[in-house]
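Colleague: The following block contains the structure, expressed as structure tokens.
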Amino acid sequence: MKKIEAIIKPFKLDDVKEALNEIGVHGMTVSEVKGYGRQKGHKEIYRGAEYVVDFIPKIKIEIVVASEMANKVVETIVQAANTGKLGDGKIFVFPVEGAIRVRTGEKGRDAL
Amino acid sequence: MINSGDTAFMLIATTMVMFMTPGLALFYGGLVRSKNVLSTILQSFICLGVVSLIWVIYGYSIAFGPDIKGFSGNLEWAFLNGVGLSPGPYSANIPHLLFCAFQLMFAIITPALITGAYAERMKFSAFLLFTALWTTFVYLPVCHWVWGGGWLGKLGTLDFAGGTVIHINSGAAALVVAVMLGKRRGWGKESIMPHNLSMTVLGAGILWFGWFGFNAGSALSAGEVAVMALVTTQLSAGAAAVSWLAAEWIYHGKPTTLGAASGALAGLVAITPAAGFVGPVPAIIIGIVAGIICCFAMMMKSRFGYDDALDVVAVHGVGGIWGALATGLFATKTINPAGFDGLFYGNPKQVLIQAVGIVAAIAFSMGVTALILKVVDNVTGLRVTDEEEIQGLDVTQHSEVGYTM
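Protein chains in written order, with this note's numbering: chain A, 1122 to 1233; chain B, 127 to 531.
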């Protein structure tokens, strides 16, 4: 099993979710996060005082799938989340040691 | 002879001025960080209680009661003794008690205005003591000087609805408090940003609405002067909102919502002393100038290095001074026969008289405010501890939070 962690632009979330749905991924965890990479922050001005806001809002998607699905999921996310501009995000892939479904106690791939 | 139309108008005006204080609470509340939103709102809101008590017990009597040497009223009207439902000495057409209630609302909002200068760092106990002492020893005397038969009124200082009594007075006090209390932790290093500007704009809207009661109501009757005051108020506020927006657009490259709201407030402050003495075109000039100079006064703050957290000095102090001077320029008896002509109507002396009022109010307010702060510092201490300031005043002073998310 692999865990795929993707940081994407917030407005791309629906596109990514639909694309993943189409390839058979029916569950994910999403959180609102902030961060920066090559895309720099922006400037805010309140009553003449300028503040540089470094951390930009992003969405983090976490998905755990069977190992052979992982490449396809990554490709799908890359395609759906791409705008071609700085700040499109990053994807990280991790090995997963185990998975348990809380309701039934099923383990491993059955729990996904 | 009580006039029911005037009485109805003044009842409504009084209620509208009352509504300005919760409006101010929202205006200030949105400008602080979310950890201090309730403490900031409460500092305005509780003035509705504290000052009402002071007003009835001795406040109204000291401000408006029988004069002692032009400096203060005496205590003959303490506990509103003799202040009843027949007309009093200040207006022949409405009950004396209604005039007293109308003036109470002004006394409430004035110390609430100062809270913007020391937002996010003052102990609640210190705030309460400061507010009670400041109302007693600064507001009441200055109010008496101008409106209660005191020396500035006799000198001929024009202050239609409180430019000197309320705005210069609170602006001068705000500067002293900001300097004596010191900066907020992290000022100039960390980002100290407003947490909810839509709340602030709603507050500005409520203030603007209430200001019609403030200025038109200061005519004390539903007649020509009230109409003129309402129109000049609207024009000055609108002009200042536009000019502030334009000034920052040119200077900073972006027009901001906060700039428009601050500008409207600056315009309202500046027209306050002039509202019932000037015509519509001077009102627009007063507003345009107010928006620009208050905007630049605010930008100067970081250069002087004092942390007037919510810009009370720039908006109320500078706006009030400009308004008081502008009254001396543009006032005309053709608008209000009870007033005087200003410089542009052949009476240059009026500018000088206005300046005397400005200097007197600033000097008195600054001096006495400094003394009061010394006293409060010795009794309760002024600031919360560093740790409390970092955690926020809502949790540490009041054990509650504005938002649970």
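Built from N, CA and C at the ideal position, the CB exists for glycine as well.
What you are looking at is a predicted structure, and each value in this text was computed from that prediction instead of being measured.
Return the CA-CA distance between residue 388 of chain B and residue 370 of chain B, expressed in angstroms with no decimal places.
Modeller: 8 Å
Colleague: Could you check if residue 1179 of chain A is buried or exposed, using at least 16 other CB atoms within 10 Å of its CB as the buried criterion?
Modeller: A buried status is given to residue 1179 of chain A, since no fewer than 16 other beta-carbon atoms sit within 10 Å of its beta-carbon.
Colleague: For the stretch 1156-1167 of chain A, enumerate the residues whose C-beta is nearer than 8 Å to any C-beta of chain B, in chain order.
Modeller: Correct list: 1165, 1166, 1167.
Colleague: Identify the contact partners of residue 384 of chain B in chain E, using a Cβ-Cβ distance below 8 Å as the criterion.
Modeller: In the displayed structure, chain E is absent; the protein chains listed are A and B.
Colleague: So residue 342 of chain B and residue 367 of chain B are supposed to be a Cβ contact under 8 Å. How far apart are they, rounded?
Modeller: Not confirmed; about 19 Å, so no contact.
Colleague: For residue 362 of chain B versus residue 423 of chain B, is the C-beta distance shorter than 8 Å?
Modeller: no
Colleague: Name, going along the chain, the residues of the stretch 158-171 of chain B whose beta-carbon falls closer than 7 Å to a beta-carbon of chain A.
Modeller: none
Colleague: Let me check you understand the geometry: is the CB of residue 251 of chain B closer than 7 Å to at least one non-hydrogen atom of the ligand ADP?
Modeller: For the ligand ADP, the structure offers nothing, since it holds no ligand at all.
Colleague: Just how far apart, CA to CA, sit residue 457 of chain B and residue 486 of chain B?
Modeller: 21 Å
Colleague: Quick check: the Cα distance between residue 199 of chain B and residue 288 of chain B, rounded to an integer number of angstroms?
Modeller: Roughly 18 Å between the two C-alpha positions.
Colleague: Is the separation between the beta-carbon of residue 1154 of chain A and that of residue 1162 of chain A shorter than 8 Å?
Modeller: no
Colleague: Where do the ends of the alpha helix (DSSP H) carrying residue 186 of chain B lie?
Modeller: 186-190
Colleague: Could you check if residue 127 of chain B is buried or exposed, using at least 16 other CB atoms within 10 Å of its CB as the buried criterion?
Modeller: exposed
Colleague: Assess contact between the stretch 255-264 of chain B and the stretch 199-217 of chain B, defined as three or more Cβ pairs (one per stretch) separated by less than 8 Å. Is contact present?
Modeller: no
Colleague: In whole angstroms, what is the alpha-carbon distance linking residue 399 of chain B and residue 294 of chain B?
Modeller: Distance between the alpha carbons of residue 399 of chain B and residue 294 of chain B: 10 Å.
Colleague: For residue 424 of chain B, would you say it is in contact with chain A, using Cβ-to-Cβ distances shorter than 8 Å as the test?
Modeller: yes
Colleague: Since I believe residue 1199 of chain A is in contact with residue 1182 of chain A (beta carbons under 8 Å), could you give me their beta-carbon distance rounded to a whole number of angstroms?
Modeller: Contact flag wrong, Cβ pair sits at about 12 Å.
Colleague: Measuring only between beta-carbons, confirm whether residue 319 of chain B sits less than 8 Å from chain A.
Modeller: At least one C-beta of chain A is nearer than 8 Å to the C-beta of residue 319 of chain B.
Colleague: Can you tell me which of the three DSSP states residue 193 of chain B falls into?
Modeller: Residue state, collapsed to three classes: strand.
Colleague: Under 8 Å: do the stretch 169-189 of chain B and the stretch 231-250 of chain B share three or more Cβ pairs, one atom per stretch?
Modeller: yes
Colleague: If you drop the 5 nearest sequence neighbours on each side, which residues of the same chain put their C-beta closer than 7 Å to that of residue 313 of chain B?
Modeller: 433
Colleague: How close, in whole Å, do the beta carbons of residue 1137 of chain A and residue 1184 of chain A come, if the pair is a contact with beta carbons under 8 Å?
Modeller: With a Cβ gap of about 10 Å, residue 1137 of chain A and residue 1184 of chain A do not count as contacting.
Colleague: Rounded C-beta distance between residue 413 of chain B and residue 401 of chain B? I'm assuming under 8 Å.
Modeller: Between residue 401 of chain B and residue 413 of chain B the Cβ distance is about 11 Å, and since that is not below 8 Å, they are no contact.
Colleague: Please state whether DSSP places residue 1147 of chain A in a helix, a strand or coil.
Modeller: coil
Colleague: According to DSSP, simplified to helix, strand and coil, what is residue 377 of chain B?
Modeller: helix
Colleague: Would the beta-carbon of residue 336 of chain B fall within 8 Å of that of residue 145 of chain B?
Modeller: yes
Colleague: What separation, rounded to the nearest whole angstrom, lies between the Cα atoms of residue 215 of chain B and residue 186 of chain B?
Modeller: Between residue 215 of chain B and residue 186 of chain B, the C-alpha separation is close to 13 Å.
Colleague: For residue 1127 of chain A, report the span of its beta strand (DSSP E) as first-last.
Modeller: 1123-1129
Colleague: If we cut at 8 Å on Cβ distances, does residue 222 of chain B have a partner in chain A?
Modeller: The beta carbon of residue 222 of chain B sits no closer than 8 Å to any beta carbon of chain A.
Colleague: CA-CA distance, residue 204 of chain B and residue 189 of chain B?
Modeller: 11 Å
Colleague: Can you list, in chain order, the residues of the stretch 435-447 of chain B whose Cβ is nearer than 8 Å to any Cβ on chain A?
Modeller: 437
Colleague: Along the chain, where does the beta strand (DSSP E) that runs through residue 432 of chain B open and close?
Modeller: Careful: residue 432 of chain B lies outside any beta strand (DSSP E) and carries neither H nor E.
Colleague: Taking CB distances under 8 Å as the criterion, tell me whether residue 270 of chain B reaches chain A.
Modeller: no
Colleague: Considering only the beta carbon of each residue, do residue 225 of chain B and residue 143 of chain B sit closer than 8 Å?
Modeller: no
Colleague: In three-state terms, what does DSSP make of residue 319 of chain B?
Modeller: coil
Colleague: Starting from the C-beta of residue 1164 of chain A, find all residues in its chain whose C-beta is less than 8 Å away, skip the five residues before and the five after it, and write them out in chain order.
Modeller: 1171, 1172, 1173, 1174
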